[in-house]
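Take a look at the structure below.
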Amino acid sequence: MNNAKKAKTAYLFREIGTIDDRLLQEAISYRPQRILPRTLMIAASLALTVSLSFGAILIAMRQGTKNEAFDGEVGTPIDVTVNEFTLYSQSVAYTTVASAQQIDFFGGKAYVVWQGAEEETLCVSRALSESEVASLTREIPKGTPVGESPQALSYRVWIVMGDGSVVTPHLKPSDGNVGSAELFDYNAELIPSQAFNSQISEILN
Amino acid sequence: MEDFKIVDLYWARNEAAICESDRKYGRMLKSLSYSLLSSHEDAEECVNDTYLDAWRAMPTARPTYLGAFLSKITRRISVDRFRAAHREKRGGMNVILEELTECIPARDSVFEEYENGRLTDALNRFLYAQDKEKRAIFIRRYFYSQPISEICSALRVGEAKVKVTLYRMREALRKELEEQDLL
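If you read the protein sequences in the order shown, they are chains F and C. Going by the numbering used here, the first residue of the first sequence is number 1, and it counts up by one from there. Going by the numbering used here, the first residue of the second sequence is number 206, and it counts up by one from there.
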């Protein structure tokens, strides 16, 4: 690069530093809208139905009377991913962020945040109303315990409360299970209640 | 805390303004500075200087977009520091500058254009004429100096798309600047 061109490039770089604040704000907050094609929506709905039925059968098997034919299946992990599957297949009303740093933990607004185990991107719901937060947190203790050993998850879900605290529907509510301005790692102790799942579906659709 | 509340704290000369700014934008600013300077220590200092500058600029200024306002300060301070240190090593700002060279027309022209704001106006017009995704890619790369991989992750697009978009936008900007007799 010759000196004149180098100097001009430096000027251009400097001038980019003065572009409109509105553009800068938009660039950092812009999230592409994710709209599923109609066929994909139908496939997702079908897959959801199958998944829910399968989950219900597994839960029934675990809770029901002992059946000799299913002795080997008693220890099978419960399908704790049903709720997260719902999150991914049905939702259109969410945005994504590259890292937890972009989530406003103290902004006074609550969000549902979820992430696939192998994913880096985080999905964030719209801001929740106070009544939605209250009813979701009311439902957390009503989740079904997964049993002796915590379950590994394919997706993790958190509720960012807006005051710095973070909880998850997969852990029993206690002081030790509340995060502070972080999306903590965890293994599931609870399967979220059906009412919780329904509320999440409503929020995301 | 919402931006306007933090700005109110600055205007009230309340030092909590700096804590709240750091809590909300500290990581983003540090990342911006680090991407230019490639030094955590220098980035940390630039971010601290940013808050000092913001403290001095307010109450005169009342920014609507505090994040953008602080980012501009951080970028300016980081660029100044880079120039002062005159690092010639590969990486950081040098990579961004090399890419932007493609926007510079081959011929010579007057440098005064930069001073009277024509270039800034041209840049703003150029960016407003693009769709949101394209300008987000361009600004993330050339204002916030984000790595391509980070842009891909944030905007959920592939690396090839980001690279092609940037290439085409650099070409379009060069033509635009040539037509307007800028640079």
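Backbone N, C-alpha and C fix where the C-beta goes; we use that ideal spot for every residue, glycine too.
*Alpha-carbon spacing of F/T96 relative to F/V113, whole angstroms*: 9 Å
*Go to F/Y111, then tell me how far its beta strand (DSSP E) extends in each direction, as first and last residue.*
Y111 to G116
*Per-residue burial, C/E225 [other beta carbons within 10 Å of its own, 16 or more giving buried]*: buried
*Report back the beta-carbon spacing between F/A27 and C/A341 to the nearest angstrom; my notes put them in contact at under 8 Å.*
4 Å
*Whose Cβ in chain C lies nearer than 7 Å to the Cβ of F/Q115?*
Within 7 Å Cβ-Cβ: nothing; F/Q115 doesn't reach chain C, min ~12 Å.
*Could you give the residue range of the beta strand (DSSP E) that holds F/I159?*
Y155 to V160
*asked:* In this structure, how does DSSP classify F/T121 when only helix, strand and coil are distinguished?
replied: coil
*Taking the DSSP output, what are the residues bridged to C/G322?*
Its beta-bridge partners do not exist; DSSP assigns none.
*From the beta carbon of F/V74, is the nearest beta carbon of chain C less than 9 Å away?*
In this predicted model, F/V74 has a pLDDT of only 35, less than 50, meaning its place in the structure is not dependable enough to derive any value.
_Inter-residue spacing [alpha-carbon to alpha-carbon] between C/A217 and F/T121_ = 38 Å
*Buried/exposed call for C/Y372, threshold 16 Cβ in 10 Å*: exposed
*Would you please verify whether the beta carbon of C/E317 is less than 9 Å from any beta carbon of chain F?*
Below a pLDDT of 50, predicted positions are generally treated as unreliable, and C/E317, at 48, falls in that range; the measurement from the model is reported next regardless. Not an interface residue.
*Given a limit of 7 Å on CB to CB distance, which residues of the stretch 160–189 of chain F reach chain C?*
none
_Alpha carbons only, please: which of F/L204, F/K6 and F/G179 is nearest the one belonging to C/V300?_
F/K6
*Pull up the distance between the alpha-carbon of C/S240 and that of F/G17, whole angstroms please.*
14 Å
*Given F/S91, which residues of its chain have a CB within under 6 Å of its CB, disregarding the five upstream and five downstream residues?*
Because F/S91 carries a pLDDT of 45, less than 50, the predicted location of this residue cannot be relied on, and no value is offered for it.
*Are three or more beta carbon pairs between the stretch 226–233 of chain C and the stretch 272–288 of chain C nearer than 8 Å?*
yes
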